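Our numbering applies: residue 386 is where the sequence shown begins, and numbers increase by one.
Here a beta-carbon is modelled for each residue, glycine too, at the ideal position from N, C-alpha and C.
These numbers come from a predicted model, not from an experiment.
Here's the structure we're looking at; comments come further down.
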Amino acid sequence: MHRRGFLAAGLATVLASPRALAQMKMDDMPGMGAHAGHDMAVPPQSAVVLPEGETLRDLPLLANEAATSGLFKAKLTAEPAKARFAEGLDTPILAYNGTSPGPLIEVVEGSRVEITFANRIPDEASTIHWHGMPVPADQDGNPMDPVATDTERTYSFELPEGSAGSYWYHPHPHGKTAEQVYRGLAGAFVVKPKVDPIPLEYGDTVLVFTDLRLAADGTMPDSTTVDLMNGRVGDHVLVNGQKNPALAVPVGAKRRFRLYNATNARFLRLSFDDAPMTIIGTDGGLLEAPVAADDILLSPAERLELIVSFDKPGPTTLYTLDYDRGWMGAGRPADAGLTLFTVNVSETPAEAIPPLPDRLRPIAQLGAPAVNRRFVFTETMAMNANGMEMGFLINGAAFDMGRIDVVSKAGEVELWEIANKADMDHPFHVHGTQFQVVEHERDGQVSKSAYLAWKDTVNVARGETVRLLLRQDRPGLRMYHCHILEHEQLGMMGIVDVQA
Ligand code: C2O
Ligand code: CU
Ligand code: CU
Numbered sequence: 386m387h388r389r390g391f392l393a394a395g396l397a398t399v400l401a402s403p404r405a406l407a408q409m410k411m412d413d414m415p416g417m418g419a420h421a422g423h424d425m426a427v428p429p430q431s432a433v434v435l436p437e438g439e440t441l442r443d444l445p446l447l448a449n450e451a452a453t454s455g456l457f458k459a460k461l462t463a464e465p466a467k468a469r470f471a472e473g474l475d476t477p478i479l480a481y482n483g484t485s486p487g488p489l490i491e492v493v494e495g496s497r498v499e500i501t502f503a504n505r506i507p508d509e510a511s512t513i514h515w516h517g518m519p520v521p522a523d524q525d526g527n528p529m530d531p532v533a534t535d536t537e538r539t540y541s542f543e544l545p546e547g548s549a550g551s552y553w554y555h556p557h558p559h560g561k562t563a564e565q566v567y568r569g570l571a572g573a574f575v576v577k578p579k580v581d582p583i584p585l586e587y588g589d590t591v592l593v594f595t596d597l598r599l600a601a602d603g604t605m606p607d608s609t610t611v612d613l614m615n616g617r618v619g620d621h622v623l624v625n626g627q628k629n630p631a632l633a634v635p636v637g638a639k640r641r642f643r644l645y646n647a648t649n650a651r652f653l654r655l656s657f658d659d660a661p662m663t664i665i666g667t668d669g670g671l672l673e674a675p676v677a678a679d680d681i682l683l684s685p686a687e688r689l690e691l692i693v694s695f696d697k698p699g700p701t702t703l704y705t706l707d708y709d710r711g712w713m714g715a716g717r718p719a720d721a722g723l724t725l726f727t728v729n730v731s732e733t734p735a736e737a738i739p740p741l742p743d744r745l746r747p748i749a750q751l752g753a754p755a756v757n758r759r760f761v762f763t764e765t766m767a768m769n770a771n772g773m774e775m776g777f778l779i780n781g782a783a784f785d786m787g788r789i790d791v792v793s794k795a796g797e798v799e800l801w802e803i804a805n806k807a808d809m810d811h812p813f814h815v816h817g818t819q820f821q822v823v824e825h826e827r828d829g830q831v832s833k834s835a836y837l838a839w840k841d842t843v844n845v846a847r848g849e850t851v852r853l854l855l856r857q858d859r860p861g862l863r864m865y866h867c868h869i870l871e872h873e874q875l876g877m878m879g880i881v882d883v884q885a
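Right under this line is the structure:
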């Protein structure tokens, strides 16, 4: 049904920017080729078995080389490496400092950060983008500021008071972001508050979800046209690089988890069986007050902070529920029933566990907007001499690095309305700031956000309109885009020029 609409609407459309489109062959298109129904570019199902149930490993911490307090200084090198996901198979990956996910960066708010990035990826430019963080535009790893292969650059920025939150870092070079991320380049960047309202006894565990596709020989296959259309979804969702790792806790324990969706395109609707979840934070830090949740949806690039209470002895699992994000063509992956993580709750009771406070921190409302803007997502297809072309557009245009799409003023509150007129969900992300989602609208039904929160990525479901308030405080060029990285690469991105 959705596919028909997509093709019918798309075929009538003439595309403006062919260089931003994927070149596709007719035979690769679902329902269009001579062998429709079986000869399609469906992601191969991997026969490779990954070990499960190993102890969850802590992500390696990026060491601070600075001697002065208030300064965090380190080096991140991106280079080819080998990973061992399955017994006897070496997988060539890209890694930061030899590991994937990259090292965990932990910095206290109020600090200055100086991170030197060395790009040792053969023949490819890269950058490091500080996803969600309040960094100056020229330090934010935009595609306009590539770091050429075998060169270095230092990113420096201050992390203001009040910026504590669950951010991350990943490459953002023009035309190569999707590939560099699925090959292994992404890491968590936690900005810690000076005073943390969450009891220390809960711990603070980062869980980075990535999505791996392995061929029988252990390599990562190249992306297919189905991957370009839907975003690349793998065969194994990993947590900190491991499949279904295990953690042991005493009965009665409460644990703080920071969940990161660092996949290219996997929507994760999650729940713990038999262990109540409470949301305490979003992309940009803590909520005002805890909110109980039965299940959560983490779209690509989103983060959530949870407190989970382990009140019954025995194993409990973090598993996936079904979520229909609008899949194009054949090969829709099985989203439901994946076990991502196991917690083994022992009979030994936990030591006295302090309660979760009722109030976490105040969040100031952004207030009345001075400007209203509207962004419309569409998907298009057109035929030309080379076959089928596919485009992912914002306000009818594909990304152009030489074009400014929006001019705004630093310090001014704006209302952004994101309308998804396409057949797939598109998680919307803006660089350089955190926003507040006001409401979602679908078929004339408006639902207000249940709580005030700082976000930098919000899923805009197909047919939905999302309204959000945002303010950019620092001048410069900022990207906004769909965070299905293949869609970003195929044009669903724009530039806002924030003027002083
Ligand atoms: Cu995660 Cu343009 O970013
Ligand atoms: Cu970003
Ligand atoms: Cu998208």
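- Counting along the chain, A471 sits inside no alpha helix (DSSP H), nor does DSSP assign it H or E at all.
- Contact between T534 and I506 holds: their C-beta atoms lie close to 6 angstroms from each other, under 8 angstroms.
- G861 has its CB no nearer than 7 angstroms to any heavy atom of ligand 2.
- In this structure, H825 is the residue among D841, T842 and H825 with its C-alpha nearest to the C-alpha of A835.
- Taking the Cβ of H825 as the reference point, every heavy atom of ligand 2 lies at 7 angstroms or farther away.
- Annotated as proximal: L741 and T663, with beta-carbon spacing under 8 angstroms.
- Counting every other CB atom within 10 Å of its CB across the protein chains shown gives S608 a total of 16 or more, marking it as buried.
- Look at Y587 here: in three-state DSSP terms it is helix.
- Note that the C-beta distance between T727 and P700 is below 8 angstroms.
- DSSP places H872 in the helix class (H, G or I) of the three-state scheme.
- A885 and H814 have their alpha carbons spaced roughly 22 angstroms apart.
- For D882, the enclosing beta strand (DSSP E) has its first and last residue at M878 to Q884.
- Here I803 is bridged, per DSSP, to F760 and V851.
- Taking C-beta atoms under 8 angstroms as the contact rule, E673 and L837 qualify, at a distance of about 6 angstroms.
- At a cut-off of 7 angstroms, the beta-carbon of H559 does not count as near ligand 3: no heavy atom of the ligand is closer than that.
- Close to ligand 2, as judged by a C-beta nearer than 5 angstroms to any of its heavy atoms, are the residues H516 and H816, in chain order.
- Beyond the five residues adjoining it in sequence on each side, L623 comes within less than 6 angstroms, by CB distance, of T595 and L597 in the same chain, given in chain order.
- Counting only runs of 3 or more residues that sit fully inside the stretch 620–645, the beta strand (DSSP E) segments are 621–624 and 631–636, in chain order.
- For E564, the three-state secondary structure derived from DSSP is helix.
- The stretch 493–501 makes contact with the stretch 454–466: 3 or more CB pairs, one atom from each, lie closer than 8 angstroms.
- DSSP lists A459 and Y540 as the bridge partner or partners of I500.
- Those residues that bring their Cβ nearer than 5 angstroms to a heavy atom of ligand 3 are H811, C867, I869 and H872.
- Taking the Cα of Q750 as reference, the smallest distance to any Cα among H811, W839 and A782 is reached at W839.
- By the C-beta density criterion, D525 is buried, having at least 16 other C-beta atoms within 10 angstroms.
- Taking a C-beta distance under 8 angstroms as the contact criterion, I869 and P812 qualify as a contact pair.
- Within the DSSP secondary-structure output, Q830 pairs in a beta bridge with R827.
- The beta-carbon distance between K561 and E509, rounded to whole angstroms, is 6 angstroms. This is short enough to meet the 8 angstroms contact definition.
- Nearest neighbour of L855 by Cα position, chosen from D810, Q830 and R758, turns out to be R758.
- Between the stretch 796–807 and the stretch 767–774 there are fewer than three C-beta pairs closer than 8 angstroms, too few to call the two in contact.
- Of all C-beta pairs linking the stretch 850–865 to the stretch 816–831, three or more are shorter than 8 angstroms, placing the two stretches in contact.
- Here the distance from the Cβ of M864 to the nearest heavy atom of ligand 1 is below 7 angstroms.
- Within the same chain, N504 come within 7 angstroms of T536 by CB-CB distance, once the 5 residues on both sides are set aside.
- DSSP places V730 within a strand segment (E or B) once states are collapsed to three.
- The beta carbon of N844 sits closer than 6 angstroms to the beta carbons of S684, D810 and P812 from its chain, once the five residues preceding and following it are set aside; these are given in chain order.
- A residue is called buried once 16 or more other Cβ atoms fall within 10 Å of its Cβ, and V580, having fewer, is exposed.
- For E586, same chain residues with a beta-carbon under 7 angstroms away, outside a window of 5 residues either side, are I738 and P739 in chain order.
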